[in-house]
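Okay, so the sequence shown: first residue is 1 according to this note's numbering, each after it adds one.
Yeah, the Cβ is synthetic: ideal placement off N, Cα and C, and Gly gets one too.
What follows is one structure encoded as structure tokens, with my remarks underneath.
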Amino acid sequence: MIKIKEITKLKKLYKVILTEPFSYKDWEEAKDKIYVCEDTVVKYMLTRDKAFSTAELEQLLAFDNFAQGKSLALYFISYKARTSSEVKKYLYEHNIQPIQIEAIIDNLTKNGLLNDRAYIESYIQGKVRTASAGPYQIKQKLHLKGLDLQLIDEGIAQVFNEEKQIDVAVALAEKIVRQKASRHTRQQLKQKITQGLTAKGFSYAISAIALESLELEVDEENELELLYTELDKSARKYSRKYEGYELKQRITQALARKGFDFSDISSAIRDYDFEEE
């Protein structure tokens with residue numbers, strides 16, 4: 001039997017000195033000193049001269065690992081919602097045994113302190129409320145948090161149906177219009193909206209519906225100004241290598257790629273003074 005030689009209360013744990021070294025499965029070498037939490041002291045009524053068999057000490061240390069791990073987990077989830085996967089990773093990084101990690105997760109889940117389904121729904125609701133992401137981006141980010149794909153799909157279906165997706169996509173599209181309308185033609189703006197929505201995780205179908213619902217006004221004066229600005233840039237660029245018909249073709253192609261109307265391009269090129277280039 002191994003006895004407790006001395007027990008001292010420290011700031012967070014208790015230092016327990018044993019009468020002889022003891023080997024435990026997770027230790028590299030035998031120790032005659034262990035550190036346990038208060039729950040362990042209370043449960044096993046640790047006092048000086050109390051004796052334990054090797055099996056009893058192993059049981060004590062397993063419980064202590066669970067108790068310390070649960071305390072760490074409660075701290076970790078106390079100031080921010082966490083997923084089960086995040087808690088597992090945190091406990092593993094703090095040297096909690098895998099078998100105890102599973103027991104802690106099970107305990108917290110049964111007591112309603114960990115709930116991946118509720119986490120998913122809350123996360124999606126936040127993104128819907130702030131109109132900041134589409135379903136594909138949401139799914140990707142939640143999966144990176146270690147959440148089950150089926151749970152994520154169920155959460156999206158429950159919280160973020162097609163009607164809400166359209167509402168959020170329209171809100172994001174309107175934001176893009178406010179930010180970019182003065183610097184882009186109507187056609188360019190449409191492209192920017194589609195690119196922006198798909199980048200945020202919306203399908204092309206939802207993006208198209210959102211785009212169709214917008215009333216994009218054409219500011220002819222602004223479009224003409226943008227056209228001539230781009231025409232100047234293209235003329236300077238291509239006049240170094242081309243001239244005449246080939247130069248005009250290169251400029252026409254460049255402006256068409258930027259979304260300008262072909263008839264407007266032709267008219268602008270006819271009026272443009274290439275001799276000054």
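Round the Cβ separation of Leu18 and Ile2 to the nearest angstrom and send it over; I've been treating them as touching at under 8 Å.
5 Å
Quick one: what does DSSP say Glu20 is sitting in, helix, strand or coil?
strand
Kindly indicate the opening and closing residues of the beta strand (DSSP E) around Asp32.
Lys31 to Val36
If contact is defined by three or more beta carbon pairs under 8 Å, each pair taking one atom from either stretch, is the segment 234–248 in contact with the segment 191–198?
no
Just verifying my parser: in three-state terms, what is the DSSP assignment at Glu28?
coil
So, at 7 Å on beta carbons, what are the nonlocal neighbours of Ile251 in its own chain, with the 5 sequence-adjacent residues on each side left out?
Leu231, Ser234, Ala235, Tyr238 and Ile269
Hey, would you say Ile152 sits closer than 7 Å to Leu144, going by beta carbons?
no
Nearest-angstrom Cβ-Cβ length linking Leu147 and Ile120, presumed shorter than 8 Å:
6 Å
Residues bridged to Tyr51 by DSSP?
A quick correction: the sequence has Ala, not Tyr, at residue 51. BP columns for Ala51 point to Lys3.
Close-in-space but distant-in-sequence residues of the same chain around Phe66 (CB under 7 Å, 5 per side omitted):
Gln100, Ala103 and Ile104
Between the Cα of Leu72 and the Cα atoms of Leu61, Lys88 and Gln59, which residue gives the shortest distance?
Lys88
To the nearest angstrom, how far is the alpha carbon of Thr54 from that of Gln125?
52 Å
Among Gln158, Thr130, Gln187 and Arg186, nearest to Ala169 - alpha-carbon criterion
Thr130
Same chain, Cβ closer than 6 Å to Asp49, neighbours up to 5 away in sequence not counted:
Lys3
Less than 7 Å between the beta carbons of Gly201 and Ala133, yes or no?
yes
With 16 as the cutoff for other CB atoms within 10 Å, does Pro21 come out buried or exposed?
exposed
Straight-line gap, Glu277 to Gly259 (C-alpha atoms, nearest Å)
In this prediction, Glu277 scores a pLDDT of 43, lower than 50, which makes its location untrustworthy; no coordinate-derived value is stated.
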